[in-house]
Structure formats: structure tokens, C-alpha cells
Amino acid sequence: KPLAQYTISLGIKNIRILKKIERNVENAWRAFEGCESEVKMQFLHTVVLMNWAYFCSKSDKDIPTLDFLESMESIYSIGKKDATEEEKKWKSILLSYNFTRVDELDRKIAKLVRNGYIDLTELSESIKIVNKQVLDNKKSNSFRSAWDLFHNSFDDNVEEVVSHFYKCFTDSVTQVSPNDLDSLVGVFRELGEDTKASEMITYYIQERRSEIELFDVDNFYLFRPIKDEEIIEKFKGVYLTDSPKRTLGEVLDVLSGQNGWNDDDIEVLSSATEDDYYHYFKSLHGNHLTSHVATCMKFGRISNANEQTRSVSVKAKEALMRISGESKLNELRIHKFNL
Numbered sequence: 008k009p010l011a012q013y014t015i016s017l018g019i020k021n022i023r024i025l026k027k028i029e030r031n032v033e034n035a036w037r038a039f040e041g042c043e044s045e046v047k048m049q050f051l052h053t054v055v056l057m058n059w060a061y062f063c064s065k066s067d068k069d070i071p072t073l074d075f076l077e078s079m080e081s082i083y084s085i086g087k088k089d090a091t092e093e094e095k096k097w098k099s100i101l102l103s104y105n106f107t108r109v110d111e112l113d114r115k116i117a118k119l120v121r122n123g124y125i126d127l128t129e130l131s132e133s134i135k136i137v138n139k140q141v142l143d144n145k146k147s148n149s150f151r152s153a154w155d156l157f158h159n160s161f162d163d164n165v166e167e168v169v170s171h172f173y174k175c176f177t178d179s180v181t182q183v184s185p186n187d188l189d190s191l192v193g194v195f196r197e198l199g200e201d202t203k204a205s206e207m208i209t210y211y212i213q214e215r216r217s218e219i220e221l222f223d224v225d226n227f228y229l230f231r232p233i234k235d236e237e238i239i240e241k242f243k244g245v246y247l248t249d250s251p252k253r254t255l256g257e258v259l260d261v262l263s264g265q266n267g268w269n270d271d272d273i274e275v276l277s278s279a280t281e282d283d284y285y286h287y288f289k290s291l292h293g294n295h296l297t298s299h300v301a302t303c304m305k306f307g308r309i310s311n312a313n314e315q316t317r318s319v320s321v322k323a324k325e326a327l328m329r330i331s332g333e334s335k336l337n338e339l340r341i342h343k344f345n346l
């Protein structure tokens, strides 16, 4: 039935083209077994359009070409100053057909239309990607809809709200952002559900631990600062334990030439020993030698620096003095740092 609706909407009456569409569907349909209905509908929707474009555009310039369909990412990028009148007309047709973007699955369908066949293993890989996106969107929408029960009545239904929130959270945890978690935990605490709030934090960490950057509470990607103290404490613990340990050189690469730094930067720099600085400085060759040494030394000129921060310049200076004592040439080289 959907296939018929799509062909009718485009006015496809040519029996030869209708048969080609049927054969495309027959050849590829088994690759869609077990996937979400939305993915199957995308296939039918696209295969009809692309057959129409491939076989009819040569005789009718009002019909978009298959090359044009394959080249577009989003229809909304079409119609700017550089668009031709033809492309603007094609955009109108595609909008009326509700075809607004092209993804990797659509491009595989284009290959099927051009060749009349496709490697099902190759097609299946694209189907898996799109199917996962559909499932992720459903989970995300499920979590968002949980707030409707909270906002859309004045019923005294706290148990129902808590239960529904908890279920939607666990079902959709892979789509829940740290800010989402923080908001939900805040509601649970207000309702006296501290135990469940802690359970959610633990479950979130358990399910998302491999995504280590999620747990950097100082990161810029957060929409707003995390408020819940338990989340902050546990996230910091995970990030400290699991995050890749940066080297002395990696930190100095980032800090050289800028005035800002964070606690993690100081942690790496202050944990390095005098020997670490000695061997690192000796390994440097090029323009960054001066900038990296100067970056270390500036921590000794900060008036309100704590002992940990000052230790960076102290150890760097001791390393430089060792290098200076190795030769007259190095002594002259190190004069510029005003030790």
C-alpha cells in the first residue's frame, strides 16, 4: 500500500518503471528484516523517488535528476543565491514529496536503482546505522515525553510520576545528557526520593562509562553547570580514574601562548618530577622549546599561586639549572629565561 501511494503521488504510470521499482524492492527487502518500520518506509519512499528521477528526468527537465538527489545533504541548503531556477523548482517538488535529506542508506538505494542490484551485506551496514538512529530518537523522545506527565496536570500522582520518570530514564539512558540527569535528580530529591536519585546516578555511570568525556564536569559542552553534589563528586571520580593521562608535552602544547589553564593541567604539570622536566626539555628541538619553557616559568610569577602551582616553575627551574651546568653553550642559551 505505501508503495502504491508513493508512485501515485509522483504520477508514475509507466509500467516499465513500476516493474523496475518492484524488482528493486524484491531484491533488497530481505535486508530490512527485523529493522524498524520507519527504516522500511524510508526505503520504499526513496526507491520510488530515485527510480522516477533516474528514468524520467531525461525526458522531463522538471523532474530532478538522480545525480542531483545524490549530491544533496539537506534540501534546506538548496535555494540560496547560487541555485539555478531548475534547482529551485526541484526543491519545491521534493518538499511536496516530503524528501528533505539524503543519508548513507539513500545513497545505497541510488546504487541499487542505477545497477538494478546491490550487495546485501553492503546495504545491511547502512541499514544498521539508520536503524540505530531511529531507535535512539525513539528513546530520546520517550525520555522527553516523561516530562509531560510531570507538567500537564495538578493530580496528586507522585508515585506515578516517579515510576514513569525512572522507567523512561533507564530505557533511554544512552540518550540522556548530563544536564538531563542533573534536572531529573533534582526533581527526585525535591520529592524525597534520594535513594532513587542515587540509583540513577550509579546506573548512568554504569551504562555510559565508556564515554569518558561525559564525566568532565568542567567541559564546555554542558548546557549549564551541574548542580547536584553527588553527580559532581561521582563524575569527577570517574573522570580522574578513567580519563587518558596526558603527558607533560601535551599539556604544554595546549597552554603555550595562552593565559588560561584548568585544574587538570596543573595536576599533570605539578605531578611531573624534576627529572621529567629535565628529560622533556632535553628532548625539545624547534621553536616550541622557548614557549614550553616560558610557560612553565610563568607559574612562578603568579602572586596568589598555591604551592602546587608554584611547584611547576620550581621543578622546571631546577631542571634548567642542570642543563645550564652541562656546557657553556647551554648556559648561554638559558640566560634568556632570567632564572
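The numbering used here applies: residue 8 is where the sequence shown begins, and numbers increase by one. For each residue, glycine too, the CB sits at the ideal point set by N, CA and C.
Within this structure, are the beta carbons of residue i and residue j separated by less than 9 Å?
i	j	result
Val55	Leu17	yes
Lys241	Ile273	no
Asp235	Asp189	yes
DSSP state of residue i, grouped into three classes?
i	result
Ser290	helix
Ser81	strand
Arg151	helix
Arg108	strand
Tyr124	coil
Pro9	helix
Ser205	helix
Phe306	helix
Arg317	helix
Ile233	coil
Asn34	helix
Gln49	helix
Pro185	helix
Whole angstroms are fine: how far does the CA of residue j sit from the CA of residue i?
i	j	result
Asn337	Tyr287	15 Å
Val46	Ile134	7 Å
Leu130	Gly199	50 Å
Glu77	Gly123	17 Å
Glu333	Asn186	54 Å
Tyr246	Glu220	8 Å
Thr128	Ala38	8 Å
Arg308	Val258	19 Å
Val169	Arg215	22 Å
In chain order, what residues of the same chain lie with their CB nearer than 7 Å to the CB of residue i, ignoring the 5 residues before and after it?
i	result
Asp110	Val137
Asp283	Leu255
Leu346	Lys324, Leu327, Met328
Output needed for residue i: all residues of its chain with C-beta closer than 6 Å, excluding positions within five of it in sequence on either side, in chain order.
i	result
Asn31	Val54, Leu119
Arg7	Residue 7 is absent from the structure shown; the chain starts at 8 and stops at 346.
Val275	Arg253, Val258
Thr107	Ile82
Within a Cβ cutoff of 8 Å, which residues of the same chain sit near residue i, ignoring the five residues on either side of it in sequence?
i	result
Ile233	Pro185, Asn186, Asp189, Val224, Ile239, Phe242
Leu73	Met57, Ala60, Tyr61, Ser64, Ala117, Val120, Arg121
contact_flag[the region 113 to 124, the region 141 to 151] where n(CB pairs < 8 Å) is 3 or more: No, because fewer than three Cβ pairs between the region 113 to 124 and the region 141 to 151 fall closer than 8 Å, the two stretches do not touch.
Contact between the region 292 to 307 and the region 249 to 265 (3+ Cβ pairs under 8 Å): Yes, since at least three Cβ pairs between the region 292 to 307 and the region 249 to 265 fall closer than 8 Å, the two stretches touch.
Segment contact, 8 Å Cβ cut-off, at least three pairs: the region 160 to 173 with the region 60 to 74: With the cut-off at 8 Å, the region 160 to 173 and the region 60 to 74 do not touch.
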